[in-house]
Amino acid sequence: PPRAGGRDDEYRWAGLEPPKVMVTTSRDPSSRLRLFAKELCLLIPGARRMNRGRAELGALVGACRAAGVTDLLVVHETRGRPDGLSLCHLPHGPTAHFTLSGTVLRQEVGGLGGAPLAAPHLLLLRLDSPLGRRVGTILKHLFPVPRPDTRRVVTFANEDDVILVRWVTRGLKTWCVGGVLIGCI
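Residue numbers in the sequence shown follow full-length UniProt numbering, run continuously in steps of one, and reach 185 at the last position.
Spelled out as structure tokens, the structure:
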């Protein structure tokens, strides 16, 4: 099998088929966390949201593997504020956990209209260290390959070990700012 950087490359088949991403929440989520999970599904084309109920994490992973899901995202909260994102590439990893802070939902920005569903172009800025490249690889494989003429761009920019996430859509003359998510690694 292909190797990347001296280790097995778990993403060797990426790009041949679009990723199947499942988004769920921690148990008993607040309405804001449910809305945040919904917005993650808008950010990642083709992502599906699953109501967790009382299911254990192991059961969720097993169900996702059986359904052919490539990535499982679990969002966490403290007192109604989204504060964590666990991302697991299936079936064998890697798994990454991101701390979230300063999350802004689309409805809080206002005046944005409908969310585009096209696969975006990705900008991975200042993810140059070995860890940054690894995080960039994990993040970019959540998204399908975009069409060349798509007007949507998602940016992951590293600033002092904080990854700023912003998505924009270019209209005929303007850029419309989408959700803003700030996460620490």
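Positions of the beta carbon are idealized from the N, C-alpha and C atoms, including for glycine.
Note that the coordinates shown come from a computational prediction; the quantities given were computed from them, not determined experimentally.
Kindly indicate which residue of the options has the alpha-carbon position closest to the one of residue i.
i: V109; options: V168, R49 and V21; result: V168
i: D28; options: P18, V21, M22 and G80; result: G80
i: G46; options: A118, L100, L35 and T137; result: A118
i: K140; options: E56, G62, D71 and C64; result: D71
i: D149; options: V69, R170 and E159; result: R170
i: S30; options: D83, A14 and E56; result: D83
i: residue 197; options: G113, V75 and P19; result: A question about residue 197 goes unanswered here, because the residues of the chain that appear run from 1 up to 185.
i: E56; options: S26, R147, R166 and E159; result: S26
Assign residue i to buried or exposed, taking buried as 16 or more other Cβ atoms, counted over all protein chains shown, within 10 Å of its Cβ.
i: L123; result: exposed
i: R3; result: Only weak support is given to the placement of R3: the predicted model assigns it a pLDDT of 47, under 50, and the question is left unresolved by the model.
i: E39; result: buried
i: H92; result: exposed
i: residue 186; result: In this structure the chain extends from 1 to 185, so residue 186 is not present and cannot be described.
i: T78; result: exposed
i: L100; result: buried
i: P130; result: exposed
i: P94; result: exposed
i: G102; result: exposed
i: G68; result: exposed
i: T174; result: Legend: pLDDT at T174 = 48, less than 50; position of this residue unreliable, no value from coordinates given.
i: G58; result: exposed
DSSP three-state label for residue i, please.
i: F36; result: helix
i: L124; result: strand
i: A67; result: coil
i: A157; result: strand
i: E10; result: coil
i: T150; result: coil
i: E108; result: helix
i: R61; result: Here the sequence assigns Val to residue 61, which means Arg is not the residue at that position. Of the three classes helix, strand and coil, the one that applies to V61 here is helix, per DSSP.
i: G183; result: Below a pLDDT of 50, predicted positions are generally treated as unreliable, and G183, at 39, falls in that range; the measurement from the model is reported next regardless. DSSP places G183 in strand when its eight states are reduced to three.
i: R27; result: coil
i: R134; result: helix
i: L117; result: coil
i: L43; result: helix
i: L142; result: coil
i: G80; result: coil
i: R54; result: coil
Under 8 Å by Cβ, that's how I've got residue i and residue j pegged, so tell me the actual separation to the nearest angstrom.
i: R52; j: T24; result: 5 Å
i: L87; j: A96; result: 5 Å
i: A37; j: R49; result: 6 Å
i: L142; j: V61; result: Wrong, their Cβ atoms sit about 17 Å apart, outside the cutoff.
i: V153; j: P120; result: 6 Å
i: L125; j: F156; result: 7 Å
i: H89; j: E10; result: 6 Å
i: L42; j: A115; result: 4 Å
Give me whichever residues DSSP pairs with residue i in a beta bridge.
i: M22; result: R48 and L72
i: S86; result: V74 and H97
i: E17; result: A14
Residue i CB to nearest chain C CB: under 9 Å?
i: R54; result: Of the chains in the structure shown, none is chain C; there is only one protein chain.
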